[in-house]
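**Q** Before we start, here is the structure in question, set down as structure tokens.
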């Protein structure tokens, strides 16, 4: 007779194949290149993977992907490995972006507790950065002077060389002060987007490419981290709505090593993505290009490749949407937004009040017949229309 004994059901989880970097002092690197899931892998090769807490959102970043934090309990817990506890020297760096007032003083980019080391917004108020090590009495922290709340990407870095603290913004020295001795060694986890000691000071904005070194990076190394090889910072912004009247100027931040640029521009995403010569313009070092006749009611795609022969660094494909026609401003000054959805198709919901508060469709809502003409149908899961920077003047007249 046969005997069958059933075994247990086991499971395993695979992880990213991450090489160990040649720099033994590179102890943490969270690129957020994953773009999905609940783990932010440590690409330094040291295994300090981060776990997403709350509901930070995966978004486009300065490099590939990033995480957007809502300022209310979102953070990434990267643990308390001994290598993350800086001793006498170290460097902490990240890319950040925010467009609005920060949610209270001390909103944190990345920190190991509230008294060991950290990069944060000025805890005394304002819109500049602070960097601290040994934040106990006498307090050792420095405050910069460069505003970082303009909605643009900024690179921030804090350095401690054993005798002096340095704070850099966009590759430039922003503040420095004397600081000596052993940096506090405490048992708090490294959090990206919050302060693990206080369980507070949550970041409201986007963070990308967080790095920790237990050595001093040189001025040149900091400057290199604060630039990128490919073109960046498109204007018009990616996936924005523009009025094409009078032509459209395209501008961007040049790549670090570029000596010239190739610009691709078309209503056909396939041609731009495939770098078709028919939609290519070769430029020298200007970081602008002008197109005199973009049409109304179109989606335009464009890309900029940074070139320094024989090297070429391909840029992302960006897009912008032109309004369907010239939209008049209504006579009622209190009428600040009107989304009729009568356009009936496309990726945008246009503002017919004349105040340019246009919306971008997210999640895939469907265009359907509405009460008047067309409408949008939402699935109750992840469909929405994002209206960026809605502005109205509270000093409205009486009517």
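Residue numbers (the numbering used here): 1 to 399. Using N, Cα and C, we set each Cβ at its ideal position, and we do this for glycine too. Just so we're clear, the structure is a prediction, and the values are computed from it rather than from any experiment.
#1: Considering just the uninterrupted stretch of the beta strand (DSSP E) at residue 207, what are its terminal residues?
#2: Taking the CB atoms as reference points, tell me whether residue 212 and residue 82 lie closer together than 9 Å.
#3: Does the pairing of the segment 219 to 227 with the segment 298 to 306 give three or more beta-carbon distances under 8 Å?
#4: Is the beta carbon of residue 67 sitting closer than 9 Å to the one on residue 40?
#5: Could you check what DSSP says for residue 298 in three-state terms: helix, strand or coil?
#6: In this structure, does DSSP put residue 359 in helix, strand or coil?
#7: Does DSSP put residue 77 in a helix, a strand or coil?
#8: Less than 8 Å between the CB atoms is what I'm expecting for residue 202 and residue 295, so what's the real figure, rounded?
#9: Report, in whole angstroms, the separation of the C-beta atoms of residue 62 and residue 232, which I expect to be a contact under 8 Å.
#10: What residues match up with residue 123 in a beta bridge as DSSP calls it?
#11: Would you identify the three-state DSSP class for residue 82, choosing helix, strand or coil?
#12: In the DSSP assignment, the beta strand (DSSP E) including residue 375 goes from what residue to what residue?
#13: By alpha-carbon positions, which one of 318, 372, 191, 331 ends up nearest to residue 49?
#14: Mapping the DSSP letters down to three states, classify residue 102 as helix, strand or coil.
#15: Can you tell me which of 149, 117, 182 puts its alpha carbon nearest to the alpha carbon of residue 188?
#16: Under 8 Å, with one C-beta from each stretch per pair, do the segment 372 to 391 and the segment 274 to 281 reach the 3-pair mark?
#17: Locate the beta strand (DSSP E) running through residue 220, then write down its first and last residues.
**A** Taking the definition as stated:
#1: Reading the chain shown from its first residue, position 207 is the one you call residue 207. Element bounds for residue 207: 204 to 213.
#2: On the chain shown, position 212 is the one that residue 212 refers to. On the chain shown, position 82 is the one that residue 82 refers to. Not closer than 9 Å, so no.
#3: no
#4: Looking up residue 67 in the chain shown gives position 67. Looking up residue 40 in the chain shown gives position 40. Yes, Cβ-Cβ distance for residue 67 and residue 40 is below 9 Å.
#5: In the chain shown, counting from the first residue as 1, residue 298 sits at position 298. Look at residue 298 here: in three-state DSSP terms it is coil, with no helix or strand label.
#6: Residue 359 sits at position 359 when you count from the first residue of the chain shown. Of the three classes helix, strand and coil, the one that applies to residue 359 here is strand, per DSSP.
#7: Stepping through the chain shown from its first residue, residue 77 is reached at position 77. Reduced to three states, the DSSP call for residue 77 is strand.
#8: The residue given as residue 202 occupies position 202 in the chain shown. The residue given as residue 295 occupies position 295 in the chain shown. No, residue 202 and residue 295 are not in contact; Cβ-Cβ is about 44 Å, not under 8 Å.
#9: Residue numbering aside, residue 62 sits at position 62 when the chain shown is read from its first letter. Residue numbering aside, residue 232 sits at position 232 when the chain shown is read from its first letter. With 8 Å as the limit, residue 62 and residue 232 qualify as a contact, their Cβ atoms being about 7 Å apart.
#10: Looking up residue 123 in the chain shown gives position 123. For residue 123, which the question treats as bridged, DSSP gives no partner whatsoever.
#11: One-based indexing of the chain shown puts residue 82 at position 82. Looking at residue 82 - three-state DSSP - the assignment turns out to be helix.
#12: Locating residue 375 in the chain shown gives position 375, counting from the first residue. Where residue 375 is concerned, the enclosing beta strand (DSSP E) stretches over 374 to 377.
#13: Position 49 of the chain shown, counting from 1, holds the residue named residue 49. With distances taken between Cα atoms, residue 49 lies closest to 191.
#14: If you number the chain shown from 1, residue 102 lands on position 102. Caution is warranted here: a pLDDT of 48 is assigned to residue 102, below 50, making its placement in the model unreliable, and the coordinate value is therefore given only provisionally. Coil, per DSSP.
#15: In the chain shown, residue 188 corresponds to position 188, counting from 1. That would be 117, whose Cα lies nearest to the Cα of residue 188.
#16: no
#17: Here residue 220 is taken as the residue at index 220 of the chain shown, counted from 1. Premise fails: residue 220 lies in the alpha helix (DSSP H), 219 to 225, not in any beta strand (DSSP E).
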